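Under my numbering, the first residue of the sequence shown carries the number 12, and numbering increases by one thereafter.
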Amino acid sequence: NDLYILKSGTELALSVAGALHALGATTLNPYPTVAMMRNKIIVTRMLMEAGLPTPETYVASDPNEFRPLLDAGPLILKPYRGSRGAGIRIIRKLNELDDVTRDGLMLAQRYHAPDGPDCKIYCVGGRLFGVRRIWPIQKYEDKLGQPFELSAELRDIALRCGRVFGIDLYGLDTVVSGGRPYVVDVQKFGSYMGVPNAPGVLADYLVTAAKGAMHGELVLGAAS
Ligand SMILES: Nc1ncnc2c1ncn2[C@@H]1O[C@H](COP(=O)(O)OP(=O)(O)O)[C@@H](O)[C@H]1O
Ligand SMILES: [Mg+2]
């Protein structure tokens, strides 16, 4: 009754976790959920379906298809399997679409100009931590961000995101624009950067989960 912790997002880690899963092992977060969550099309669709506040989102592999959308305001383009800001472009004018490199499927999302830094929320088994962080980051210190007290609205949004994907260890990026929060990204596990005592909080959770697995109990969020 081992419990395997799937933290890394590399192809190797995912492949090993997938193989373990196929052999009947319990992985945390569950391998099928993590595999699904790498795809921003699936994640966005699930968030919308659950009624979470998500920007209007479109998908195409030819950026020219996004042209008509610019009439209604700026867009942000994201590779559908992207992470850590790779390949993200804010598009305000038609000609800015000309030099977007075609790189498989892209998401175009309505760009909601942020009122301030991102409100990142990190979650560990129902415990929520808010960290304000500027994007894009300029230097290492920016990575740590500023802890902040979560509003009731953001707490509710964060907990609902966890229920949508059925996991306990996750993070989400919310952008507050015109006073309204939008969920723009959900990550499995998350970096927990800037969370006070993150290693201790994670260790407590993992020890409890591992004890549960040892006794053959259903590990929360690891049911697969
Ligand atoms: N629709 C949006 N409107 C405004 N800002 C956004 C939007 N989507 C993303 N951003 C900004 O871009 C950053 C990176 O986008 P994100 O979707 O989190 O990509 P990644 O998976 O690479 O982290 C976010 O942290 C946020 O600051
Ligand atoms: Mg992000």
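By construction, the Cβ of each residue, glycine as well, lies at the ideal position given by its N, Cα and C atoms. Bear in mind the structure is a predicted one, so any value in this text is a computation, not a measurement.
Neighbour-count burial assignment, residue i, 16 or more Cβ in a 10 Å radius
i, result
"Ala233", "Residue placement at Ala233 cannot be trusted, given a pLDDT of 48 that sits under 50; what the coordinates show is reported in the next sentence. Ala233 is buried by the Cβ-count criterion."
"Leu118", "buried"
"Gly201", "buried"
"Val186", "buried"
"Lys104", "exposed"
"Ile52", "exposed"
Under 8 Å between C-beta atoms of residue i and residue j
i, j, result
"Asp129", "Arg143", "yes"
"Leu180", "Asn40", "yes"
"Gln157", "Gly182", "no"
"Thr65", "Val194", "yes"
"Leu14", "Ala221", "yes"
"Pro74", "Leu108", "yes"
"Gly141", "Glu164", "no"
"Leu63", "Cys172", "yes"
Of the residues the options, the one placed nearest residue i, counting alpha carbons only
i, options, result
"Lys239", "Asn208, Pro210, Tyr122, Lys131", "This structure leaves residue 239 out entirely; the chain is present only between 12 and 235."
"Tyr203", "Asp196, Thr219, Val195, Leu213", "Leu213"
"Trp146", "Arg100, Arg138, Phe159, Lys104", "Arg100"
"Ala71", "Leu116, Glu160, Leu58", "Leu116"
"Ala124", "Gly190, Val45, Gly211", "Gly190"
For residue i, the first and last residue of its enclosing alpha helix (DSSP H)
i, result
"Pro210", "209-225"
"Val70", "Counting along the chain, Val70 falls outside any alpha helix (DSSP H), though it belongs to the beta strand (DSSP E) covering 68-71."
"Lys89", "Here Lys89 belongs to no alpha helix (DSSP H); instead the beta strand (DSSP E) covers 86-90."
"Ala124", "Careful: Ala124 lies outside any alpha helix (DSSP H) and carries neither H nor E."
"Ile148", "No alpha helix (DSSP H) contains Ile148, which DSSP labels as neither H nor E."
"Lys51", "51-60"
"Pro43", "42-48"
Range of the contiguous beta strand (DSSP E) that encloses residue i
i, result
"Ser188", "180-188"
"Asp129", "129-135"
"Thr37", "37-39"
"Ala167", "The sequence shown places Asp at residue 167, not Ala. Taken as a continuous stretch (DSSP letters only), Asp167 belongs to no beta strand (DSSP E), being part of the alpha helix (DSSP H) at 163-176."
For ligand 1, enumerate in chain order all residues having a CB closer than 5 Å to any of its heavy atoms. Pro66, Ile87, Gly93, Ser94, Gly96, Gln120, Tyr122, His123, Asp129, Trp146, Asp184, Val186, Val195, Asp196
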